[in-house]
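Data block below; observations after.
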Ligand code: IPE
Ligand code: IPE
Ligand code: MG
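Next up, the structure:
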């Protein structure tokens, strides 16, 4: 006799039901340029204030016990911006690592970097490696920094790595499963984001975590990133907590 499906198979995991806090919040930090424009300031000022907002959000994330925060810092498409803006964003990353790494480390935060590091200049690559290396044994929140990151690029690199293993006889065709693909992504070992927040009123992913977002909840707000503060994050989390996640199944409420 075949077993009939167990009701519990269709029930979301305990932490992911209604009223629960997200373990992993991913942030598309958008609107720095418009924030600056509204004030008659250069776009770089928007990015500078955006970094202040990021510091507040990291501290708050640690305080409220988030397990993972992922930040979209620079996309694989952001190279198409004017060279002066690209170089400002690179210098901001440098400043962030140089000035904030020790505080982050002291807060027991672990840093993971996702994105294509090969495409970055050696100095930046070394800083990112240093940040990961210094914090790798930390057991508190994980801060995932998406830098030179794009989902399509990430998935293509994962596919290439599996294809290489197959061509060289280490794996068989049947070994190419969703789990195997997830295991080759930059985010291997990191749980999928429960909540993805995008600021500034835009409602798109812009090539961010497309594989990992399969069952994420989305939250959009009009606030420009430099104005995003602790209360704004709390609002996003409260909204998440009021939702019901089903993961394709049915819950007691709708049965
Ligand atoms: C987000 O703000 C920061 C990065 C993409 C690095 P933007 O620079 O995209 O700001 P807007 O969208 O032009 O206002
Ligand atoms: C997404 O914002 C990338 C980051 C926040 C780093 P963009 O401002 O680059 O996205 P689009 O171009 O508006 O889609
Ligand atoms: Mg933008």
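Numbering (full-length UniProt numbering), first residue to last: 1 to 255.
Idealized CB from N, CA, C, for every residue including glycine.
Please read these numbers as outputs of a predicted model, since none were measured by experiment.
query: Check this for me: beta carbons of residue 194 and residue 217, under 8 Å apart or not?; result: yes
query: With hydrogens ignored, establish whether the beta-carbon of residue 204 is closer than 7 Å to any heavy atom of ligand 2.; result: yes
query: Is the shortest distance between the beta-carbon of residue 225 and the beta-carbons of chain B less than 8 Å?; result: Protein chains in the displayed structure number just one, and chain B is not present.
query: Are residue 198 and residue 220 closer than 8 Å when you measure CB to CB?; result: yes
query: Is residue 119 near ligand 3, with its Cβ less than 7 Å from a heavy atom?; result: no
query: Reducing DSSP to helix, strand and coil, say where residue 41 ends up.; result: coil
query: What is the DSSP secondary structure of residue 168, counted as helix, strand or coil?; result: coil
query: Just the C-alpha distance for residue 56 and residue 166, rounded to the nearest angstrom, thanks.; result: 45 Å
query: Report the rounded CA-to-CA distance for residue 20 versus residue 190, giving the unit in angstroms.; result: 19 Å
query: Is residue 55 helix, strand or coil by DSSP?; result: helix
query: Among 112, 171, 118 and 86, which has the Cα closest to the Cα of residue 139?; result: 112
query: So which residues touch the region around ligand 1, with touch meaning a C-beta under 5 Å from any heavy atom?; result: 30, 31, 32, 33 and 34
query: Taking C-beta to C-beta, are residue 146 and residue 72 nearer than 8 Å?; result: yes
query: With a threshold of 7 Å on Cβ separation, who are the neighbours of residue 90 within its own chain once the five nearest residues in sequence on each side are excluded?; result: 124
query: Please report the residue range of the beta strand (DSSP E) in which residue 257 lies.; result: With the chain covering 1 to 255 only, the question about residue 257 has no answer from this structure.
query: Need the endpoints of the alpha helix (DSSP H) that residue 199 sits in, please.; result: No alpha helix (DSSP H) contains residue 199, which DSSP labels as neither H nor E.
query: At a threshold of 7 Å, does residue 124 count as lining ligand 2 (C-beta to nearest heavy atom)?; result: no
query: Quick one: residues in its chain with C-beta nearer than 6 Å to the C-beta of residue 97, no 5 flanking neighbours on either side, listed in chain order?; result: 127 and 131
query: Say whether the region 34-53 touches the region 239-251, bearing in mind that this needs 3 or more beta-carbon pairs closer than 8 Å, one atom from each stretch.; result: no
query: Where do the ends of the beta strand (DSSP E) carrying residue 112 lie?; result: 110-114
query: For the alpha helix (DSSP H) holding residue 218, just list the boundary residues, first then last.; result: Element bounds for residue 218: not the alpha helix (DSSP H) but the beta strand (DSSP E), 217-220.
query: Looking at ligand 2, does it come within less than 7 Å of residue 58, judged from the CB to the closest heavy atom?; result: no
query: Who are the near neighbours of residue 75 in its chain, counting only those whose CB is closer than 7 Å to its CB and skipping five residues on each side?; result: 149, 150, 206 and 207
query: Let me confirm a value: residue 1 is counted as buried when at least 16 other C-beta atoms fall within 10 Å, else exposed. Which label applies?; result: Below a pLDDT of 50, predicted positions are generally treated as unreliable, and residue 1, at 35, falls in that range; no measurement from the model is reported.
query: Name the DSSP bridge partner or partners of residue 143?; result: 69 and 111
query: DSSP three-state label for residue 181, please.; result: helix
query: Could you spell out where the beta strand (DSSP E) holding residue 27 opens and where it closes?; result: 24-28
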